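Scroll down for the structure; my scribbles are underneath it.
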Amino acid sequence: MLELPRRLRERGVLGINRRNAEYVRLWNPRRLYPLVDDKLRTKQLAIAAGMPVPELYAVVTAQHDIRNLPEVLKNRQQFVVKPAHGSGGNGILVITGKQGDLYLKSSGAVIDWAELNHHISNALSGLYSLGGQRDKVLVEYFVQSEAELEKISYRGVPDIRLIVYRGYPVMAMIRLPTHLSDGKANLHLGAVGVGIDLSQGVTLQGVQGIEVVESHPDTGNQLAGLEIPHWDRILRMSAECFEMTGLGYLGVDLVLDQKHGPLILELNARPGLAIQIANSTGLRSRLELIDEHADSTDTLENRLAFSRQHFAA
Amino acid sequence: MKKLPLYLTVGVLVAAGLSLILYKVLVLGFPLQPDKERSIWTVQARFTVDGHTRPVKAILQVLSSTPGFTVLDENFVSRGFGLTIVEEEGTREAQWAIRRAAGRQTFYYQAVVTTELSGAVEAPAPIGLVSERLEEPYATAAEAVVAQVRAQSADVPTFTAELLRHLNDPEPDENTALFLASGRSLGQRVEIAVSLLLAGDIPARAAYGLVLEEGERHAQFSPVLEVWEGDSWLWFDPATGEEGLPENVLIWWDGDKPLIDVVGGSNPEVEISTWRNTVDALQLAEQRADAGNSRVLDFSLLRLPIQIQAVYQILLLVPVGAFMMVLLRNVIGVKTFGTFMPILVALAFRETRLVAGLILFVLVVALGMGLRFLLDRLRLLLVPRLAAVLVLVVLCLLAVSILSHQLELERGLSVALFPLVILTIAIERMSIVWEEVGPAEAIKQGLGTLAVSALAYLVMSLDQVEYMVFVFPESLLLILALILLLGRYSGYRLLELVRFKALGGEDA
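Quick note, the sequences are listed as chains A and B, same order. Mapped onto numbering that gives the first Met the number 0, the consecutive letters of the first sequence carry residue numbers 0 to 312. Mapped onto numbering that gives the first Met the number 0, the consecutive letters of the second sequence carry residue numbers 0 to 507.
Spelled out as structure tokens, the structure:
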């Protein structure tokens, strides 16, 4: 009975309570949360820091702005509608094609303008935001998945999650949309998480729900051994997010675009813990290693070197 | 140590809470358990009679010697009547009199009795219980019966039992049958037994006992046979012949007088009610505290008006529920809709009872969700839609209440006690999860909420818990201390162990 918690502790597995008490509470000051909770502010911050992000087409802040959208989007065939405060992928609508008044969703369903309008108006009312406050809606570039990653994903764009602690990349995984997750890269919806060797940027085993999987459940392709393109830049960008936000315990979500390479998608002040299963490694031992070595004067180069050296698979 | 301030705070809270509780228990004598309460009963006779603008005298037999009970308090209420209490030959009666009375007159007699405080039963010796001279052929028959019964018995108890056996015999012998000819109701059999016992020189009389039952509005008296055995009274159940007085039977009056008697009035009626007082044991402790000039009680909940007390009886349970939520969410790791919604649902379950509550909750939420999905087609903005769902929830509640009333299901009526806004929010959040993540997750979280609510309800409705927080509100300090301690719990949640099982394997 007490065997399992003891083994988990020995392997440095981090639980929610400890993550909140010892890392999030200590390293993420509450006043910095709005920087990452509001996707619009994150985007503006990233642009100011010179980091690539998906291009912003429009921001809707009031109900009456919605009617201007068709005009603004008239030359866009594909775009993504995203509530600024949506959590866990809630309220994100991906439009992959357009024909007059009709819009094609990534799931293959067709909706008309009225339905799209309703969705945006719901999002503005705060349907998808925590606490239901009024929200803003972002309309942005629809990322075209990197060809290399197409092999191991099923409809939708995989994204890469890194945990960055005090500016050191600690752990990484790539989240692959599945049929079950309806093309979304959210683990709790059924997407597959695949661990990544931090030093080489090569995929390890996958996990769906709480089960370890060797191959993609829809395509059957082997998950392990794939080299993530642009790994150097990805690591560097994620580490820079520490300076950008000041948050010491950070989840960085990136996507790989065919044309633009790695783009910062969003940041998270309370990143989930499933990444540990995907890497079959506990976070805590790595975090403690950083606590032993970290020095506030560490340069970006030193941090990246440290992470690559110590956090190989 | 980082945690020192926490432990200090917790220590202070525990010390304060425990010392107040101990003071109340050890010094003031508060009972620690609800069943330690003394059972204190109030009995009331409501006596009505029609007056006809003539002098009226109304007589009611009242409690005199109450074996096994102590009378704590007595009240006589009437309007404009003079009251005299007459005690004679072991009976006691209240006589209300007035020169002119018109219309329906009402008298109340109320007494508070308890079993707990009475010591040895006082036994006033029988006075004037002698055999009347019996007419023939009764005199001869009585002699024969007494002789026969005496031959078959050894002492007073066996004599009485044997006599009652004779009287209860469906085919009595000739002599006994002679007495039974005038009627064989229980009351009449007791009367016959009394005259036969007196004929055998054993002092005896009829007594009328009241079975004490909670909330009884129309209590009935049952006759008991009282027999004097040299130094004490014995009681016999005339129907079975068994000796002894059941614990919950209060002897109201004895002798051959009727309960009520009226001179100058007509249409007399009497209605007896009995009820139990639950907090009276505490009142005893309070009275004791008063005598000792304790200031603690001045700040007690029990000094608040009754309606306010009733509110706090529920409010004080909320912290218990909150503690359960901390336990279930941070230690077990259950997901629910809303952090504290389950507490409110659990409070509603208190009114509906668990099974009915669960069924009603599922029913209303399912109905509401169905209607909400229909509403969704109208493309309403969020706030108007929530308002519309709220209206629909009220209608659903009404429909369920009316339907269950038609089907004569009492519990269905209590559905109205569900907190409305909570239901509405539950419906809204559940339908969002339903749309965004899928029905499976929505149902899973819904069931999680219900399970947590049910568990919180079960804990909150434990008599001991309810009693502790109400009588010892300082126990909330202990709960607060526990919550603070759990607030720094950084170990794994129980459900995380399942989640991370793959990481804890032997060969991982």
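Using N, Cα and C, we set each Cβ at its ideal position, and we do this for glycine too. Note that this is a predicted model, so its numbers are computed, not measured.
Contact check, residue i vs residue j, beta carbons under 8 Å
{"i": "P4/A", "j": "Y491/B", "result": "yes"}
{"i": "V70/B", "j": "A100/B", "result": "no"}
{"i": "G79/B", "j": "I97/B", "result": "yes"}
{"i": "F305/A", "j": "Y167/A", "result": "yes"}
{"i": "E226/A", "j": "G200/A", "result": "yes"}
{"i": "F158/B", "j": "I201/B", "result": "yes"}
{"i": "L381/B", "j": "N278/A", "result": "no"}
{"i": "G10/B", "j": "E473/B", "result": "no"}
{"i": "S489/B", "j": "R17/A", "result": "yes"}
{"i": "L148/A", "j": "L255/A", "result": "yes"}
{"i": "R283/A", "j": "V12/A", "result": "yes"}
{"i": "G447/B", "j": "T335/B", "result": "yes"}
{"i": "L115/A", "j": "Q62/A", "result": "no"}
{"i": "G356/B", "j": "F348/B", "result": "yes"}
{"i": "R216/B", "j": "W40/B", "result": "no"}
{"i": "P383/B", "j": "V451/B", "result": "no"}
{"i": "L233/B", "j": "A192/B", "result": "no"}
{"i": "A439/B", "j": "M429/B", "result": "no"}
Chain-ordered chain A contacts of residue i [CB-CB under 8 Å]
{"i": "F336/B", "result": "In chain order: nothing, as chain A lies at least about 13 Å away."}
{"i": "N329/B", "result": "N16"}
{"i": "R487/B", "result": "A20"}
Chain-ordered neighbours of residue i on chain A, where CB pairs are closer than 7 Å
{"i": "L380/B", "result": "S120, S124"}
Contact set between residue i and chain B, taken where Cβ atoms lie within less than 7 Å
{"i": "H117/A", "result": "R378"}
{"i": "G69/A", "result": "What sits at residue 69/A in the sequence shown is Pro, not Gly. In chain order: nothing, as chain B lies at least about 17 Å away."}
{"i": "R29/A", "result": "Per Cβ cutoff of 7 Å: no residues; R29/A is ~17 Å from chain B at best."}
{"i": "R6/A", "result": "G503"}
Under 8 Å from the C-beta of residue i: neighbouring residues of chain B
{"i": "Q275/A", "result": "F499, L502"}
{"i": "L175/A", "result": "What L175/A touches in chain B: nothing, since even the nearest Cβ is about 18 Å away."}
{"i": "R24/A", "result": "What R24/A touches in chain B: nothing, since even the nearest Cβ is about 10 Å away."}
{"i": "L3/A", "result": "L496, K500, G503"}
Supposed close pair residue i, residue j - CB separation, criterion 8 Å
{"i": "G254/B", "j": "G89/B", "result": "7 Å"}
{"i": "R160/A", "j": "L502/B", "result": "The Cβ separation is near 17 Å, so there is no contact."}
{"i": "I250/B", "j": "A206/B", "result": "5 Å"}
{"i": "Q204/A", "j": "G194/A", "result": "6 Å"}
{"i": "I263/A", "j": "P51/A", "result": "7 Å"}
{"i": "N89/A", "j": "Y127/A", "result": "4 Å"}
{"i": "E495/B", "j": "G14/A", "result": "5 Å"}
{"i": "F360/B", "j": "L244/B", "result": "Actually they are not in contact, since the Cβ atoms of F360/B and L244/B sit about 48 Å apart, beyond 8 Å."}
{"i": "I94/A", "j": "L103/A", "result": "7 Å"}
{"i": "V144/B", "j": "L179/B", "result": "Not a contact, Cβ separation roughly 11 Å."}
{"i": "L197/B", "j": "S130/B", "result": "4 Å"}
{"i": "A146/A", "j": "Q257/A", "result": "7 Å"}
{"i": "R378/B", "j": "I426/B", "result": "Actually they are not in contact, since the Cβ atoms of R378/B and I426/B sit about 18 Å apart, beyond 8 Å."}
Listed by chain order, chain B residues near residue i by CB distance under 9 Å
{"i": "V12/A", "result": "Y491, E495, F499, L502, G503"}
{"i": "I209/A", "result": "V497, R498, F499, K500, A501"}
{"i": "G281/A", "result": "F499, L502"}
Contact test: residue i Cβ vs the ligand PLP heavy atom, cutoff 7 Å
{"i": "L303/A", "result": "Absent from the structure shown: the ligand PLP. Ligands present: none."}
Within 7 Å of chain B by C-beta, residues of the segment 211-231 of chain A in sequence order: The residues in question are V211.
By the 9 Å beta-carbon criterion, what residues does the segment 5-31 of chain B contribute toward chain A? none
Please identify, using Cβ separations under 8 Å, the residues of the segment 177-208 of chain A that lie next to chain B, in order along the chain. H187, L188, V206
What residues in the segment 257-270 of chain A bring their beta carbon closer than 9 Å to a beta carbon of chain C? Going by chain labels, chain C is absent from the structure shown, which instead holds the protein chains A and B.
Taking one C-beta from the segment 451-470 of chain B and one from the segment 391-403 of chain B each time, how about it: are there three or more such pairs within less than 8 Å? no
Taking any Cβ of chain B, which residues in the segment 47-66 of chain A have a Cβ under 9 Å from it, in chain order? Q62
Are there three or more Cβ pairs, one per stretch, closer than 8 Å when the segment 44-61 of chain B is compared with the segment 255-269 of chain B? yes
If you measure beta-carbon to beta-carbon, which residues of the segment 83-116 of chain A are closer than 9 Å to chain B? Under the 9 Å Cβ criterion, the segment 83-116 of chain A contributes G87, G88, N89, G90, A113, E114, N116.
Would you call the segment 234-241 of chain A and the segment 203-218 of chain A touching, i.e. three or more CB-CB distances under 8 Å? Output reads no: the segment 203-218 of chain A does not touch the segment 234-241 of chain A.
Check whether the segment 372-391 of chain B and the segment 417-433 of chain B touch, using three or more Cβ-Cβ pairs below 8 Å as the test. Enough Cβ pairs lie closer than 8 Å, so yes.
Decide yes or no for the touch test of the segment 77-97 of chain A against the segment 134-148 of chain A: beta carbon pairs closer than 8 Å, at least 3 of them. A contact exists between the segment 77-97 of chain A and the segment 134-148 of chain A.
Three or more C-beta pairs below 8 Å linking the segment 280-300 of chain A and the segment 67-74 of chain A: Output reads no: the segment 67-74 of chain A does not touch the segment 280-300 of chain A.
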